[in-house]
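K.L.:
The structure that follows is given in the form of structure tokens.
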Amino acid sequence: MSDIITESKKHTGRGSSAVLAGNISVEEKLRILGDGAKYDVACTSSGVDRKGNGKTMGSAEGCGICHTFTPDGRCISLLKILFTNECIFDCKYCINRASNDIPRATFTPDEVCTLTIEFYRRNYIEGLFLSSGIIKSPDYTIELIYETIYKLRKEYHFNGYIHAKAIPGADSFLVEQLGYLADRMSINLELPTGEGLKRLAPNKSRKSILFPMKEIQTGIKNNRYMNGMHNKKSLMYISDASYLDESRNALMDNLAKAGYGIKQAEGMSLKEAKAIETISRKTDNTDVGSYIGTKNRYFVPAGQSTQMIIGATDETDYHIINVSEALYDNYDLKRVFYSAFINVNNDNTLPSTERGPELLREHRLYQADWLLRYYGFKAGELLTEDRPYFNKQIDPKCDWAVRHLGLFPVEINRADYYTLLRVPGIGIKSAKRIISARRHCRLDFNDIRRMGVVLKRALYFITCEGKMMYDTRLEESYITHHLIYNEKPERLIGVGEQITYTQMSLFD
Numbered sequence: 001m002s003d004i005i006t007e008s009k010k011h012t013g014r015g016s017s018a019v020l021a022g023n024i025s026v027e028e029k030l031r032i033l034g035d036g037a038k039y040d041v042a043c044t045s046s047g048v049d050r051k052g053n054g055k056t057m058g059s060a061e062g063c064g065i066c067h068t069f070t071p072d073g074r075c076i077s078l079l080k081i082l083f084t085n086e087c088i089f090d091c092k093y094c095i096n097r098a099s100n101d102i103p104r105a106t107f108t109p110d111e112v113c114t115l116t117i118e119f120y121r122r123n124y125i126e127g128l129f130l131s132s133g134i135i136k137s138p139d140y141t142i143e144l145i146y147e148t149i150y151k152l153r154k155e156y157h158f159n160g161y162i163h164a165k166a167i168p169g170a171d172s173f174l175v176e177q178l179g180y181l182a183d184r185m186s187i188n189l190e191l192p193t194g195e196g197l198k199r200l201a202p203n204k205s206r207k208s209i210l211f212p213m214k215e216i217q218t219g220i221k222n223n224r225y226m227n228g229m230h231n232k233k234s235l236m237y238i239s240d241a242s243y244l245d246e247s248r249n250a251l252m253d254n255l256a257k258a259g260y261g262i263k264q265a266e267g268m269s270l271k272e273a274k275a276i277e278t279i280s281r282k283t284d285n286t287d288v289g290s291y292i293g294t295k296n297r298y299f300v301p302a303g304q305s306t307q308m309i310i311g312a313t314d315e316t317d318y319h320i321i322n323v324s325e326a327l328y329d330n331y332d333l334k335r336v337f338y339s340a341f342i343n344v345n346n347d348n349t350l351p352s353t354e355r356g357p358e359l360l361r362e363h364r365l366y367q368a369d370w371l372l373r374y375y376g377f378k379a380g381e382l383l384t385e386d387r388p389y390f391n392k393q394i395d396p397k398c399d400w401a402v403r404h405l406g407l408f409p410v411e412i413n414r415a416d417y418y419t420l421l422r423v424p425g426i427g428i429k430s431a432k433r434i435i436s437a438r439r440h441c442r443l444d445f446n447d448i449r450r451m452g453v454v455l456k457r458a459l460y461f462i463t464c465e466g467k468m469m470y471d472t473r474l475e476e477s478y479i480t481h482h483l484i485y486n487e488k489p490e491r492l493i494g495v496g497e498q499i500t501y502t503q504m505s506l507f508d
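Under my numbering, the residues of the sequence shown are numbered 1 to 508, in order.
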């Protein structure tokens with residue numbers, strides 16, 4: 001660790017970033033800003049398959065999640081840090097809110113770049129997750145993030161995975177430019193309703209969050225069509241880092257045509273340069289389309305995600321999954337992440353978390369989210385206004401099945417694929433195996449067990465050759481009781497044990 005810090009110190013104070021350096025050491029900044037980033041869970045690094053090209057450092061092939069494993073057994077991690085924990089906003093649930101008296105720190109762009117490269121060279125990480133508080137203004141903050149990632153791509157030649165946070169209220173042009181450098185972008189919804197946001201995060205609004213989310217969605221969609229990838233699941237490749245020059249160089253060329261010298265242009269902010277360039281285009285009809293939206297340049301190729309805090313306000317599970325479904329349908333999100341609320345500020349206006357965060361509720365929401373994305377369920381099927389919460393003792397798929405026993409049992413040898421997916425204990429792979437295998441023979445319970453079907457859950461809902469595995473009653477209470485027993489509640493998160501909120505940090 002010490003040699004990484006030493007290497008980073010060499011770059012502190014270079015260029016315009018010197019004003020951000022301050023008197024605090026890089027090691028202390030890393031300790032503060034690494035710890036401050038642990039509350040943001042939206043760090044999945046999937047969606048791109050960009051191999052190394054021999055000219056740059058790193059790739060984005062086969063990435064996973066922070067501290068997890070790829071299919072080939074490699075441990076993958078991201079350097080997850082804040083650019084700054086300074087913030088002009090005063091969100092009641094946030095440890096970095098303006099009214100908190102906590103140690104503050106801000107990286108310089110070069111410090112972030114050097115830390116990323118040095119951690120990568122030592123095989124500690126394979127990518128960067130960069131979030132930030134809001135320093136001075138949203139535009140000022142996102143320009144610093146853009147400068148950081150631009151340097152990392154162009155000057156440090158880093159071709160690995162980068163997840164960047166969009167800043168609520170930032171200028172659309174800045175968000176767009178950042179999208180051509182990052183693999184994934186996210187902007188946190190924070191709370192499920194606008195009312196909750198207004199009460200706990202008065203500096204933010206639903207519009208300031210959803211507007212850039214829609215712009216990112218539109219940019220992704222247009223870019224796919226431009227590159228001949230109409231299917232959102234198509235793999236995205238960025239094979240050459242030279243595309244990074246197109247945006248800035250073309251912009252500077254157009255500013256030069258408008259009568260601005262290169263040095264003068266380079267000293268401008270991106271927002272100022274864009275405004276002048278737009279005026280130039282209107283006056284001399286210069287075609288500046290070459291620097292944005294061009295073919296073979298990819299905009300947020302890994303898609304966008306968001307995060308919701310669960311339990312800070314009194315929304316039901318029914319309300320939350322309906323919001324998630326709307327986000328998937330209307331904003332084409334890759335993932336919605338859920339974060340169980342913990343009262344890190346000990347604020348009396350917030351719910352108490354003395355018994356620990358609602359991790360089991362968070363877990364059930366993730367399971368329901370999976371059903372929405374991959375199993376063809378709708379939010380209105382899983383819960384209703386009359387029954388607005390999941391049964392925490394069994395998973396949402398079992399909970400749905402025991403409430404719809406009129407649809408069961410289903411015959412394994414005749415049921416279609418989508419019917420099989422609705423059977424508890426049958427997943428996507430096992431359903432496909434069943435469809436394939438029964439073309440050649442009649443299946444029994446031993447056959448489907450070998451295909452991966454979890455019979456301790458499925459046996460209540462299926463027949464093979466018209467027979468159930470055991471004699472059983474199709475009654476909700478009877479089956480629910482047995483499913484709860486099979487789940488072994490003492491092993492469930494948050495049941496019968498004291499849970500503390502911890503997450504691995506760089507210094508553990």
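The beta carbon of each residue, even a glycine, is placed where N, CA and C say it ideally should be. These numbers come from a predicted model, not from an experiment.
Helix, strand or coil: how does DSSP classify Ala437 here?
P.N.:
Helix at Ala437.
K.L.:
Ile102: buried (16+ other C-beta within 10 angstroms of its C-beta) or exposed?
P.N.:
Classification of Ile102: exposed, given that the 10 Å Cβ count is below 16.
K.L.:
Can you check whether the C-beta of Ile95 is within less than 8 Å of a C-beta belonging to chain C?
P.N.:
The chain inventory of the structure shown lacks chain C, comprising one protein chain alone.
K.L.:
For the segment 383-394 and the segment 324-338, state whether three or more C-beta atom pairs, one from each stretch, are separated by less than 8 Å.
P.N.:
Contact fails: fewer than three Cβ-Cβ distances are below 8 Å.
K.L.:
Would Leu79 pass as a contact of Leu128 if the rule is Cβ separation under 8 Å?
P.N.:
Result yes, Cβ atoms of Leu79 and Leu128 sit closer than 8 Å.
K.L.:
Note down, in chain order, each residue of its chain lying with its Cβ closer than 7 Å to the Cβ of Leu327, except the 5 sequence neighbours on either side.
P.N.:
Only Thr306, Leu333 and Val336 meet the Cβ criterion.
K.L.:
Is there contact between the segment 190-204 and the segment 297-316, where contact requires at least three CB pairs shorter than 8 Å?
P.N.:
Segments in contact, yes.
K.L.:
Which first and last residues belong to the beta strand (DSSP E) in which Gly380 is found?
P.N.:
Where Gly380 is concerned, there is no enclosing beta strand (DSSP E), although the alpha helix (DSSP H) it sits in stretches over Ala379 to Leu382.
K.L.:
Ile216 and Met185 look like a contact to me (Cβ under 8 Å); what is the Cβ gap, rounded to whole Å?
P.N.:
That belief holds up - the Cβ atoms of Ile216 and Met185 are roughly 6 Å apart, short of 8 Å.
K.L.:
Which same chain residues end up closer than 7 Å to Asn100 when comparing Cβ atoms and leaving out the 5 residues on each side of it in sequence?
P.N.:
So the qualifying residues of the chain are Asn345.
K.L.:
Note the first and the last residue of the continuous beta strand (DSSP E) segment covering Met185.
P.N.:
Met185 -> beta strand (DSSP E) spans Arg184 to Ser186.
K.L.:
Since I believe Leu200 is in contact with Cys91 (beta carbons under 8 Å), could you give me their beta-carbon distance rounded to a whole number of angstroms?
P.N.:
Indeed they touch by this definition, with Cβ atoms about 6 Å apart.
K.L.:
Tell me the DSSP secondary structure of Tyr161 in three-state form.
P.N.:
The answer is strand: DSSP assigns Tyr161 an E or B state.
K.L.:
How is Gln393 classed by DSSP in three states: helix, strand or coil?
P.N.:
Looking at Gln393 - three-state DSSP - the assignment turns out to be coil, as it is neither helix nor strand.
K.L.:
One question on the structure: do Val175 and Ile135 come within less than 8 Å of each other, judged by their Cβ atoms?
P.N.:
In this structure, Ile135 does not lie closer than 8 Å to Val175 by Cβ.
K.L.:
Locate the beta strand (DSSP E) running through Ala166, then write down its first and last residues.
P.N.:
No beta strand (DSSP E) contains Ala166, which DSSP labels as neither H nor E.
K.L.:
Alpha helix (DSSP H) containing Val26: first to last residue?
P.N.:
That run of the alpha helix (DSSP H) goes Val26 to Gly36.
K.L.:
Out of Pro424, Tyr485 and Ile428, which has the shortest C-alpha to C-alpha gap to Leu459?
P.N.:
Of the candidates Pro424, Tyr485 and Ile428, the one whose C-alpha sits nearest the C-alpha of Leu459 is Pro424.
K.L.:
Would you kindly work out how many angstroms separate the C-alpha atoms of Ala182 and Asn223, rounded to a whole number?
P.N.:
Roughly 14 Å between the two C-alpha positions.
K.L.:
What are the uninterrupted segments assigned as alpha helix (DSSP H) that are 4 or more residues long and contained completely in the segment 68-135, given in chain order?
P.N.:
List check, alpha helix (DSSP H) in window: 109-121.
K.L.:
Where does Tyr338 sit, in a helix, a strand or coil, going by DSSP?
P.N.:
Of the three classes helix, strand and coil, the one that applies to Tyr338 here is strand, per DSSP.
K.L.:
Using the rule of at least 16 other Cβ atoms within 10 Å of the residue's Cβ for burial, across every protein chain shown, is Gly466 buried or exposed?
P.N.:
Gly466 is exposed by the Cβ-count criterion.
K.L.:
Does DSSP put Thr306 in a helix, a strand or coil?
P.N.:
Strand, per DSSP.
K.L.:
Is Ile209 helix, strand or coil when you go by DSSP?
P.N.:
Here Ile209 sits in helix by DSSP.
K.L.:
Decide if Asp399 is buried, meaning its Cβ has at least 16 other Cβ atoms within 10 Å, or exposed.
P.N.:
Looking at its Cβ environment, which holds 16 or more other Cβ atoms inside 10 Å, Asp399 is buried.
K.L.:
Can you tell me whether Lys198 is buried or exposed, with buried defined as 16 or more other CB within 10 angstroms of its CB?
P.N.:
When all chains shown are included, Lys198 counts as exposed.
K.L.:
Helix, strand or coil: which one does DSSP assign to Ile426?
P.N.:
Reduced to three states, the DSSP call for Ile426 is coil.
K.L.:
Just to confirm the assignment: which complete beta strand (DSSP E) runs, minimum length 3, are found wholly within the segment 315-366?
P.N.:
Taking only runs of at least 3 residues, the beta strand (DSSP E) segments lying wholly in the segment 315-366 are 335-340.
K.L.:
Terminal residues of the continuous alpha helix (DSSP H) containing Arg153?
P.N.:
Pro138 to Lys154 is the span of the alpha helix (DSSP H), which, as asked, contains Arg153.
K.L.:
Quick one: residues in its chain with C-beta nearer than 7 Å to the C-beta of Asp287, no 5 flanking neighbours on either side, listed in chain order?
P.N.:
In this prediction, Asp287 scores a pLDDT of 33, lower than 50, which makes its location untrustworthy; no coordinate-derived value is stated.
K.L.:
Relative to the alpha-carbon of Tyr418, which residue among Met57, Val300, Tyr331 and Ile435 has its alpha-carbon at the smallest distance?
P.N.:
Taking only the C-alpha atoms, the option nearest Tyr418 is Ile435.
K.L.:
Buried or exposed: where does Lys29 fall if 16 or more other Cβ atoms within 10 Å of its Cβ makes it buried?
P.N.:
The residue in question, Lys29, is buried, as its Cβ has 16 or more Cβ neighbours within 10 Å.
K.L.:
So for Val410, helix, strand or coil by DSSP?
P.N.:
Strand, per DSSP.
K.L.:
Run the CB neighbour count on Ser242, radius 10 Å, all protein chains shown included, and call it buried at 16 or more, exposed below.
P.N.:
Bear in mind that a pLDDT of 39 at Ser242, under 50, signals an unreliable position, so the model cannot answer this.
K.L.:
Apart from the five residues just before and just after Ser131, which ones in its own chain have a Cβ nearer than 7 Å to its Cβ?
P.N.:
Here the set comprises Ala37, Asp40, Leu82 and Lys165.
K.L.:
Where does Thr313 fall in DSSP's three states?
P.N.:
Looking at Thr313 - three-state DSSP - the assignment turns out to be coil, as it is neither helix nor strand.
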